[in-house]
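In this text, residue positions in the sequence shown follow our numbering: the first is 40, and each later residue adds one. Note that CB positions come from ideal geometry on N, CA and C, so glycine has one too.
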Amino acid sequence: MSNIAFLGLGIMGGPMARHLIKAGHKVALWTNTTEKARKMAEETGSTFAATPKQAAADAEFVFICVGDSKMSEEVILGENGVIHGAKPGTIVIDTTTVSPSSSRAVTEILATRQFPFLGAPITGSKPGAENAALTWMVGGDRAVFDKVRPLMEVMGKKIYYCGGPGMGLHAKLSQNLVLSNVLQAFNESLVLSTKAGIDPELMLDILSNSAAKSGLIEYKAPFVLRRDFEPNFSTKWMHKDVGLMLESGKELGVPLFLTATTQQLFQNALSNGLGEEDMCSTIKPLERTAQVEVRKR
Numbered sequence: 040m041s042n043i044a045f046l047g048l049g050i051m052g053g054p055m056a057r058h059l060i061k062a063g064h065k066v067a068l069w070t071n072t073t074e075k076a077r078k079m080a081e082e083t084g085s086t087f088a089a090t091p092k093q094a095a096a097d098a099e100f101v102f103i104c105v106g107d108s109k110m111s112e113e114v115i116l117g118e119n120g121v122i123h124g125a126k127p128g129t130i131v132i133d134t135t136t137v138s139p140s141s142s143r144a145v146t147e148i149l150a151t152r153q154f155p156f157l158g159a160p161i162t163g164s165k166p167g168a169e170n171a172a173l174t175w176m177v178g179g180d181r182a183v184f185d186k187v188r189p190l191m192e193v194m195g196k197k198i199y200y201c202g203g204p205g206m207g208l209h210a211k212l213s214q215n216l217v218l219s220n221v222l223q224a225f226n227e228s229l230v231l232s233t234k235a236g237i238d239p240e241l242m243l244d245i246l247s248n249s250a251a252k253s254g255l256i257e258y259k260a261p262f263v264l265r266r267d268f269e270p271n272f273s274t275k276w277m278h279k280d281v282g283l284m285l286e287s288g289k290e291l292g293v294p295l296f297l298t299a300t301t302q303q304l305f306q307n308a309l310s311n312g313l314g315e316e317d318m319c320s321t322i323k324p325l326e327r328t329a330q331v332e333v334r335k336r
């Protein structure tokens with residue numbers, strides 16, 4: 040069994056840490072909400088840490104699951120960051136969806152201190168985390184990946200090695216590009232058909248049995264129809280990811296026309312106070328404009 044630090048105990052990180060604990064690993068827990076980490080440590084018999092630095096002190100592996108590039112960099116490189124507490128040779132695995140350029144920069148800084156690093160974003164939302172069914176997209180040194188893979192298997196079902204530093208993030212952003220754009224097409228389709236008088240459940244059955252069939256739509260639509268917008272993956276975080284897609288497109292010289300429009304639709308949802316709700320709540324501003332609500336009849 041391994042000594043592990045897990046930093047970030049939110050919707051995704053909390054269940055992931057619990058799977059590692061259940062598997063018998065010794066896990067030190069830290070998150071921004073101190074009482075959350077303290078309570079989870081007491082419940083699971085794990086170690087509470089007041090800072091990332093403290094959590095990493097005895098760790099062989101450090102997993103990070105926070106919100107964005109700035110948070111990730113602070114947890115790893117900040118005054119109370121991992122870099123100041125961990126021993127050389129400790130492997131740092133960042134599951135946060137950050138910019139590929141940020142991940143590459145962190146890789147280079149940690150290498151100077153003999154800390155192997157993997158940028159390993161995940162997908163699967165809350166159910167994937169709770170059911171140990173996450174998909175991993177990993178960038179970094181292959182030999183380091185091979186050492187960490189058994190721990191990833193405790194938390195996920197599909198694990199993809201995508202190449203060197205930053206490559207896992209490019210894969211994750213490309214996947215979320217499809218999801219975010221498909222979601223907006225779904226919003227427009229259901230609002231249009233409902234306004235015309237078609238039963239939303241009938242429309243969804245048609246979509247599921249046509250070339251427009253989509254796993255995302257089949258998963259998200261029931262939440263919309265029962266007006267359940269509790270976050271599995273919040274609007275604010277997908278908005279952040281869409282921004283990273285556009286940033287990568289600019290760096291690589293790839294125009295992303297649809298994605299630029301999608302960013303504005305997510306911004307509209309944020310401006311309407313929907314940032315903390317699930318990303319499927321982005322349908323609400325369009326519903327208000329069209330004066331119709333997509334719900335189960």
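In this structure, how does DSSP classify residue i when only helix, strand and coil are distinguished?
| i | result |
| --- | --- |
| Ala295 | Reading off the sequence, residue 295 comes out as Leu, not Ala. Leu295 falls in the coil class under three-state DSSP. |
| Lys65 | strand |
| Thr233 | helix |
| Val281 | helix |
| Val333 | coil |
| Ser141 | helix |
| Ser253 | coil |
| Phe262 | helix |
| Ile103 | strand |
| Ile50 | coil |
| Phe154 | coil |
| Asp133 | strand |
Going by the DSSP bridge assignment, what does residue i pair with across the sheet?
| i | result |
| --- | --- |
| Trp175 | Ile161 and Ile198 |
| Asn42 | Lys65 |
| Thr86 | Ala67 |
| Ser273 | Asp317 |
Using the Cβ count rule (16 or more neighbours within 10 Å means buried), how would you classify residue i?
| i | result |
| --- | --- |
| Asp267 | exposed |
| Gln302 | buried |
| Asn248 | exposed |
| Met191 | buried |
| Gly236 | exposed |
| Met318 | buried |
| Val293 | exposed |
| Ser310 | exposed |
Can you determine whether any heavy atom of the ligand MG sits closer than 8 Å to the C-beta of residue i, and answer yes or no?
| i | result |
| --- | --- |
| Pro160 | In terms of ligand content, the structure shown is empty, and the ligand MG therefore cannot be addressed. |
Checklist entry - Given 8 Å as the limit, is there contact between the region 88-101 and the region 118-135, that is, 3 or more CB pairs closer than that? => result By the criterion of at least three beta-carbon pairs nearer than 8 Å, the region 88-101 is in contact with the region 118-135.
Next on the checklist: Would you call the region 275-295 in contact with the region 210-226, where contact means no fewer than 3 C-beta pairs closer than 8 Å?
Outcome noted: Contact between the region 275-295 and the region 210-226 is established, with three or more Cβ pairs separated by less than 8 Å.
Checklist entry - On the three-pair Cβ rule with 8 Å, is the region 165-176 touching the region 190-209? => result The answer is yes - the region 190-209 touches the region 165-176, with three or more Cβ pairs under 8 Å.
Checklist entry - For the 8 Å Cβ check, are there 3 or more pairs between the region 106-116 and the region 127-139? => result Contact holds: three or more Cβ-Cβ distances are below 8 Å.
Checklist entry - Is the number of C-beta pairs between the region 153-172 and the region 42-56 that are closer than 8 Å three or more? => result Touching, yes.
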